[in-house]
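In what follows, a structure is listed as structure tokens, so that the remarks can point back to it.
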Amino acid sequence: MTSTKATTQREAETPSETDTRKRRFLTKLTAVIAGGMFIDGFVLGGIGVVMPSITADLELSATWQGLIGASVLIGTFFGAPLGGYLADKIGRKPMFTITLCVFLVGSIAQFFVADEWQLFIVRLVMGMAVGADYAIGWPLLAEFAPARLRGKLLAFVEVMWYAGYLISYAAGYVMAGSTDLPWQVILGISVVPTVIILLMRLGTPESPRWLMSQGRTEEASTLAKEYMDEVEQQDMNQEELIKPRFSRLFSRDYIKPTTFVCVFWICNVTPYFAIATFAPIVLTQLGIEDGLTGALVLNGVVVLGSIASVMLIERIGRRKLAIPPFWISTVALVLVGLYSHQSPALIITCFIIFSFVNAASSALAGVYPGEVFPTEIRAAGVGFATAVSRVGAAAGTFILPLTMEGLGVGTTMMLAAGISLIGGIVSQIMAPETKGLLLSETSGRRKEPSL
299 MTSTKATTQR EAETPSETDT RKRRFLTKLT AVIAGGMFID GFVLGGIGVV
349 MPSITADLEL SATWQGLIGA SVLIGTFFGA PLGGYLADKI GRKPMFTITL
399 CVFLVGSIAQ FFVADEWQLF IVRLVMGMAV GADYAIGWPL LAEFAPARLR
449 GKLLAFVEVM WYAGYLISYA AGYVMAGSTD LPWQVILGIS VVPTVIILLM
499 RLGTPESPRW LMSQGRTEEA STLAKEYMDE VEQQDMNQEE LIKPRFSRLF
549 SRDYIKPTTF VCVFWICNVT PYFAIATFAP IVLTQLGIED GLTGALVLNG
599 VVVLGSIASV MLIERIGRRK LAIPPFWIST VALVLVGLYS HQSPALIITC
649 FIIFSFVNAA SSALAGVYPG EVFPTEIRAA GVGFATAVSR VGAAAGTFIL
699 PLTMEGLGVG TTMMLAAGIS LIGGIVSQIM APETKGLLLS ETSGRRKEPS
749 L
């Protein structure tokens, strides 16, 4: 009875009231998906600032520093494909809540860890939940968002990742420097944003596009009328009843987009995570006296770079945001490698430039995967790309302290520059332009109208 009454009230709405309600829903959906990204950034940012305390307290070797620093990333590698597969199989809605519940349990467990093994396992499980959330959130938002706003909204989600990283880093910086709180408490404060976002997610509807791809046409049409623009409703009819198969990512039709999004993402995040996780240590070894403060400044620059991406993506398109930052990053990191220990001012300047342009380009890591795959494998595609990117991120995070110890900072920065160079070459050749296109067009699903 209540549902019927609500439906009748919605049918009585004027067009302007309907548009307002749809905008409010899209705003809330963007917020709760961005909240998941905020939490991911929050948990990763916190580990960087307390790593010196953890190292001293647990007497960590360089190997354990790398493993703990990369633990969430390793977990993401396993969680993202699994979460993507399940989201394509059983739907976006149930997985959207389950991931945060798992993450909440892990956040609470951080208060009680007492050795390196416990910390590694807890953060590994948290990383699995993070990875699954990546594979669910971005596809869900892409499937609701209108074409004219899709890139901006998906990029905004990435902004919140950087915001979470910065806020966690800043909070840890303040607490580590002015309080006697143990590092377990500093890490465990991720409980607070997790509870807030979890409560906000309750009641999120299923994706109409996913329902349509499952042959549940009536349910899809009802939800689409309530939450989607008319153009997107019509485009939803392009969905086909195709069984989701993970192997389709490597079929002739989708091997190219699969390859591109994986290489693009891995070349963006590998140098970033390696440098950001150990920024205080890197900057100190490069001759910057206050490494913690310098790292905090760099994280602030990263947020500005991601905001710039949101402002520009629907104006200049995807390719102009994807390609030039790789070339600029390559030059900046080469200069750091060549002039390490010689010019602190040049080093800071180059790191600022790298942080800004890398963030601007990385915002597309959430845009491209959500656009280039069809609905029946969209979550799996995002999940697989996330997993592959985390191989690079985890490897960079694990290897960086070892290469700095064995090869020196200069050589380590040159290796990071080489990764950026590869990203630039691949993006120059393969990056598509999807600005303003409907999802059926970006994924190659668009049917030609019958004559």
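Quick note: the sequence shown uses my numbering, first residue 299, plus one each step.
The C-beta atom is built at its ideal place from N, Cα and C for all residues, glycine as well.
Note that the structure is a prediction, hence the values are computed from the model and not measured.
Three-state class that DSSP yields for residue i in the structure shown
| i | result |
| --- | --- |
| Val670 | helix |
| Arg421 | helix |
| Gln512 | coil |
| Met526 | coil |
| Glu504 | coil |
| Ala427 | helix |
| Lys326 | helix |
| Asn535 | coil |
| Ala683 | helix |
| Gly664 | coil |
| Tyr463 | helix |
| Pro444 | coil |
| Tyr432 | helix |
| Gly404 | helix |
| Asp338 | helix |
| Val347 | helix |
| Glu357 | coil |
| Gly486 | helix |
| Val472 | helix |
| Asp317 | helix |
| Gly607 | The amino acid occupying residue 607 in the given sequence is Ser; Gly does not appear at that position. Helix at Ser607. |
| Val411 | coil |
| Leu398 | helix |
| Tyr637 | coil |
| Arg550 | coil |
Supposed close pair residue i, residue j - CB separation, criterion 8 Å
| i | j | result |
| --- | --- | --- |
| Arg499 | Phe409 | Incorrect: roughly 23 Å between the Cβ atoms, too far for contact. |
| Met458 | Phe323 | Not confirmed; about 18 Å, so no contact. |
| Ile372 | Thr397 | At roughly 17 Å, the Cβ-Cβ gap does not stay under 8 Å, so Ile372 and Thr397 are not in contact. |
| Pro667 | Val680 | 4 Å |
| Gly377 | Ala430 | 5 Å |
| Gly635 | Thr709 | 7 Å |
| Ser359 | Phe418 | Rounded, the Cβ-Cβ distance is 13 Å, inconsistent with contact. |
| Ala469 | Ile487 | 7 Å |
| Ala630 | Leu662 | About 19 Å; that fails the 8 Å criterion. |
| Pro444 | Val529 | 7 Å |
| Leu327 | Phe454 | Not a contact, Cβ separation roughly 12 Å. |
| Arg615 | Leu452 | According to the sequence provided, residue 615 is Gly. The question's Arg does not apply to it. Contact flag wrong, Cβ pair sits at about 14 Å. |
| Ala677 | Asp478 | Between Asp478 and Ala677 the Cβ distance is about 44 Å, and since that is not below 8 Å, they are no contact. |
| Pro437 | Arg390 | 7 Å |
Where residue i falls, given that 16 or more other Cβ within 10 Å makes a residue buried
| i | result |
| --- | --- |
| Thr673 | buried |
| Thr556 | buried |
| Met424 | buried |
| Ala354 | exposed |
| Trp508 | buried |
| Leu705 | exposed |
| Gln363 | buried |
| Leu497 | exposed |
| Gly734 | exposed |
Start-to-end residues for the alpha helix (DSSP H) that takes in residue i
| i | result |
| --- | --- |
| Phe652 | Pro642 to Ser660 |
| Pro480 | From DSSP, Pro480 is part of no alpha helix (DSSP H); its letter is neither H nor E. |
| Leu371 | Ala360 to Ile388 |
| Thr732 | First-last for Thr732: undefined, no H or E at that position. |
| Arg617 | Arg617 to Ala620 |
| Arg499 | Val489 to Arg499 |
| Ser545 | Unbroken run through Ser545: none, as it is neither H nor E. |
| Glu739 | Leu737 to Thr740 |
| request: Could you tell me whether the stretch 343–354 touches the stretch 373–384, where touching means 3 or more Cβ pairs closer than 8 Å? | output: no
| task | Examine the Cβ distances between the stretch 601–615 and the stretch 646–665 and report whether three or more of them are shorter than 8 Å. | result | yes
| query | Is the stretch 521–541 touching the stretch 642–649, taking contact as three or more C-beta pairs under 8 Å? | reply | no
| task | Determine, using beta-carbon pairs with one atom in the stretch 718–725 and one in the stretch 561–570, whether at least three such pairs fall under 8 Å. | result | yes
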